[in-house]
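Written out below as structure tokens is the structure these notes cover.
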Amino acid sequence: KSGFVTIIGRPNVGKSTLMNHLIGQKIAITSNKPQTTRNRIQTVYTDMERGQIVFLDTPGIHRAKNKLGEYMVNVAEHTLNEVDVILWLVEPSNFIGAGEQHIIEQLKKVKTPVILIINKVDTVDREKIVEYIDTYRKVYDFAEIIPASALRAKNLDTVIDMIFKYL
Ligand code: GDP
Ligand code: MG
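Using the working numbering, the first residue of the sequence shown is number 103, and each one after it goes up by one.
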């Protein structure tokens with residue numbers, strides 16, 4: 103099997119950190135400044151038994167405030183149609199704001215399976231995580247919902263397993 107996966111989500115949720123840890127190398131530039139990733143970066147994950155996953159790391163999907171912002175948003179939104187699986191990363195929170203609603207609207211336009219990753223679970227209690235999974239389950243028909251920590255490499259094997267499931 104082989105296929106393309108895009109990682110979407112608001113700036114600073116950990117998209118680049120996730121991609122780096124999935125691949126096992128530091129390729130994309132991560133920082134605590136939003137919009138560090140200006141262009142699309144591709145990396146390839148190779149599994150001798152299961153195949154290859156090409157990850158497209160995109161600038162975050164958000165509403166554009168200027169020309170550069172507009173360009174970045176277009177790059178991210180176009181990839182939704184081109185890929186086999188969408189990974190949507192969110193902060194561990196119950197709050198679904200305008201930014202998340204905007205992403206949900208984009209996701210409703212495509213048929214690509216969406217795996218929701220509730221990232222940074224190292225920063226919250228277990229009971230809270232169950233609550234957040236419930237909240238997100240109600241707003242979109244996700245293929246899978248996976249709590250994870252990109253930074254601590256927690257549950258990333260599950261992320262890889264689930265990607266191969268939908269390739
Ligand atoms: P991006 O803008 O979505 O690409 O986000 P980055 O990957 O650049 O990460 C933004 C910030 O969040 C960085 O300071 C990361 O170290 C931090 N971060 C990413 N993943 C996690 C995580 O699982 N747990 C915690 N505590 N911090 C994280
Ligand atoms: Mg980034």
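The beta-carbon is built from N, C-alpha and C at its ideal position, and this holds for glycine as well.
Could you tell me how far apart the beta carbons of residue i and residue j are, in whole angstroms, since I believe they sit closer than 8 Å?
| i | j | result |
| --- | --- | --- |
| Tyr234 | Asn196 | 6 Å |
| Val232 | Pro194 | Not confirmed; about 11 Å, so no contact. |
So what does DSSP say about residue i, is it helix, strand or coil?
| i | result |
| --- | --- |
| Lys117 | helix |
| Ile219 | strand |
| Val261 | helix |
| Lys211 | coil |
| Leu191 | strand |
| Arg140 | Note on Arg140: pLDDT 48, under 50, position unreliable in the model; the coordinate value appears next. Arg140: coil per DSSP, three-state reduction. |
| Phe244 | coil |
| Lys103 | coil |
Nearest CA to the CA of residue i: which residue from the options?
| i | options | result |
| --- | --- | --- |
| Leu182 | Tyr268, Ile220, Thr214 and Val146 | Thr214 |
| Val212 | Tyr268, Glu179 and Gly201 | Glu179 |
| Leu253 | Asn114, Ala200 and Ile188 | Asn114 |
| Phe106 | Ser118, Gln154 and Thr119 | Gln154 |
| Ile248 | Glu229, Arg228 and Leu218 | Leu218 |
| Ile220 | Phe244, Gly171 and Asp149 | Phe244 |
Any idea if residue i is buried or exposed, counting beta-carbon neighbours within 10 angstroms, 16 or more meaning buried?
| i | result |
| --- | --- |
| Lys108 | Correcting the residue type first, residue 108 is Thr in the shown sequence and not Lys. Under this definition Thr108 is a buried residue. |
| Val216 | buried |
| Ala250 | buried |
Evaluate the contact criterion for the stretch 198-213 versus the stretch 257-264: three or more CB pairs, one atom per stretch, below 8 Å. no
Any 3 or more C-beta pairs closer than 8 Å across the stretch 236-245 and the stretch 112-127: no
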